[in-house]
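J.: For reference, the structure I am asking about is given below.
Numbering (the working numbering), first residue to last: 81 to 439.
What follows is the structure, given as structure tokens:
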């Protein structure tokens, strides 16, 4: 254990002595996330939608027929409101429309007919544009002088605040980039400085050295996450936390550990910091695009949806949204923890073996 802590402390001190690197990491965890939260919006496409026709009449079906590609997927019919709400909670659909039992009767008799709209407003930009499109369809029907009252209920992000969603999405991007680069660089810089052979002569086993170096960088990342969540996410954007904050930090640790495995593979095949940065970008971009943060999983084609199952970033962003916005309890968070841990163990084992061959 003394050898482990010696290497661990050495890497922490080397990081703190590199003032430029310290400021860069602090910038990424603060100003970069602030900029993304203030300046980025996403337009929806291929939005998943479901409906419940309690009236069993034709007019609701006519209204639903107006929701089509490329803005919407083919609407899915549900037998009751409970199944519809469960589908929204489980991310099977984003928009739910409920037609009351007396909808057609009130509609035809010029009374106030009511439509209930449920929208997952986690991705607030998508929710807002979806509402605009929905209103356009219904207002066009109102020109027929038939009374209609639409009641809209935004779930999880009632004010459609895009800053909440974008700040957390950018935090995920920052963690991904820094985990890949920082963990890989602590090994590659030994090669560049010509101290690799000296490191091999240390009275510490190779496995301990690898573990100490990786965990030292993960510890730095966790400090950055705490700073970012406290100052930017909570302090500036006032993002709500409806779940357990400790669960988020635990999920973040396993996420960083998963990325650590990828970083070890990058370090094993790289001979310079420049190579690390280039390969890290090539690896990072597909991970981010398949995370579901920029494009909802349901909006991807089936092949890409299958690929997301093997991405640790997907489980992190979905688990984070569930903790912050949905207030999901620990039992329902288990699939995200299980996915992150399983993928993390596999990736870390592969990376550990690859790097271990160099010792």
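We put the CB at the ideal spot given by N, CA and C, even for glycine.
Taking the alpha carbon of residue 259 as the reference point, which residue from 275, 294, 103, 136 has its own alpha carbon closest?
T.: Cα-wise, what sits closest to residue 259 is 294.
J.: Classify residue 415 as buried or exposed, calling it buried when 16 or more other Cβ atoms lie within 10 Å of its own Cβ.
T.: Residue 415 should be labelled exposed.
J.: Given a threshold of 16 other Cβ atoms within 10 Å of its Cβ, counted over all protein chains shown, does residue 138 qualify as buried or as exposed?
T.: Residue 138 comes out exposed.
J.: Can you tell me whether residue 437 is buried or exposed? The criterion is at least 16 other CB atoms within 10 Å of its CB, across all chains shown.
T.: Exposed.
J.: Bridge partners of residue 232, per DSSP?
T.: 197, per the DSSP bridge assignment.
J.: With which residues is residue 131 paired in a DSSP beta bridge?
T.: Note: residue 131 sits in a beta bridge opposite 157, 177.
J.: Looking at the secondary structure, which residues open and close the alpha helix (DSSP H) in which residue 39 lies?
T.: Residue numbering for the chain in the displayed model covers 81 to 439; residue 39 lies beyond these limits and cannot be assessed.
J.: Does the structure place the region 299-308 close enough to the region 386-401 that three or more beta carbon pairs sit under 8 Å?
T.: No, because fewer than three Cβ pairs between the region 386-401 and the region 299-308 fall closer than 8 Å, the two stretches do not touch.
J.: State buried or exposed for residue 210, treating a residue as buried only when at least 16 other CB atoms are found within 10 Å of its CB.
T.: Buried, since its Cβ has 16 or more Cβ neighbours within 10 Å.
J.: Checking 8 Å against the spacing of the C-beta atoms, do residue 141 and residue 213 come in under that value?
T.: No, Cβ-Cβ distance for residue 141 and residue 213 is not below 8 Å.
J.: Please classify residue 97 as buried or exposed, where buried requires at least 16 other C-beta atoms within 10 Å of its C-beta.
T.: With fewer than 16 Cβ atoms within 10 Å of its Cβ, residue 97 is classed as exposed.
J.: Which residues in the same chain as residue 87 place their Cβ atom closer than 6 Å to its Cβ, once the five residues preceding and following it in sequence are excluded?
T.: For residue 87, where only same-chain residues beyond five positions count, the Cβ hits under 6 Å are 289, 292.
J.: Give the C-beta separation of residue 348 and residue 356 to the nearest angstrom, bearing in mind that I take them to be a contact with Cβ-Cβ under 8 Å.
T.: About 11 Å separates the two Cβ atoms, so there is no contact after all.
J.: Under a three-way DSSP split, which group does residue 152 fall into?
T.: Three-state DSSP puts residue 152 in a strand.
J.: When the Cα atoms are used, what is the spatial distance from residue 174 to residue 263?
T.: For residue 174 and residue 263, the distance between alpha carbons rounds to 37 Å.
J.: Could you tell me the alpha carbon to alpha carbon distance between residue 181 and residue 135, rounded to whole angstroms?
T.: Answer to the nearest angstrom: the Cα atoms are 4 Å apart.
J.: Helix, strand or coil for residue 191? Go by DSSP, reduced to three states.
T.: Residue 191 falls in the coil class under three-state DSSP.
J.: The alpha helix (DSSP H) spanning residue 373 covers which residue range?
T.: First-last for residue 373: undefined, no H or E at that position.
J.: Going by alpha carbons, who is nearest to residue 261 out of 202, 341, 330, 117?
T.: The residue with the shortest Cα to Cα distance from residue 261 is 341.
J.: Could you pull out every residue in the same chain whose Cβ sits closer than 8 Å to the Cβ of residue 352, ignoring the five residues on either side in sequence?
T.: Around residue 352: 268, 271, 272.
J.: How about residue 161 and residue 132: are their beta carbons less than 8 Å apart?
T.: Contact flag set, yes.
J.: Using the three-state DSSP reduction, which class does residue 320 fall into: helix, strand or coil?
T.: Coil at residue 320, not helix or strand.
J.: Assuming the contact rule is C-beta atoms closer than 8 Å, residue 400 and residue 328 should be a hit. Round their C-beta distance to whole Å, please.
T.: Between residue 328 and residue 400 the Cβ distance is about 6 Å, and since that is below 8 Å, they are a contact.
J.: How would you write the range of the alpha helix (DSSP H) that residue 385 sits in, first residue to last?
T.: Residue 385 -> alpha helix (DSSP H) spans 382-388.
J.: Figure out for me which residue from 412, 435, 426, 432 has the closest Cα to the Cα of residue 166.
T.: Ranking 412, 435, 426, 432 by Cα distance to residue 166 puts 412 first.
J.: Return the residue from the list 307, 310, 391 that minimises the CA-CA distance to residue 339.
T.: Comparing Cα-Cα distances from residue 339 to each of 307, 310, 391, the minimum goes to 391.
J.: Of all the options 383, 419, 421, 311, which has the alpha carbon lying nearest to the alpha carbon of residue 74?
T.: Since the first and last residues shown for the chain are 81 and 439, residue 74 lies out of range.
J.: Could you spell out where the alpha helix (DSSP H) holding residue 249 opens and where it closes?
T.: 242-273 is the extent of the alpha helix (DSSP H) around residue 249.
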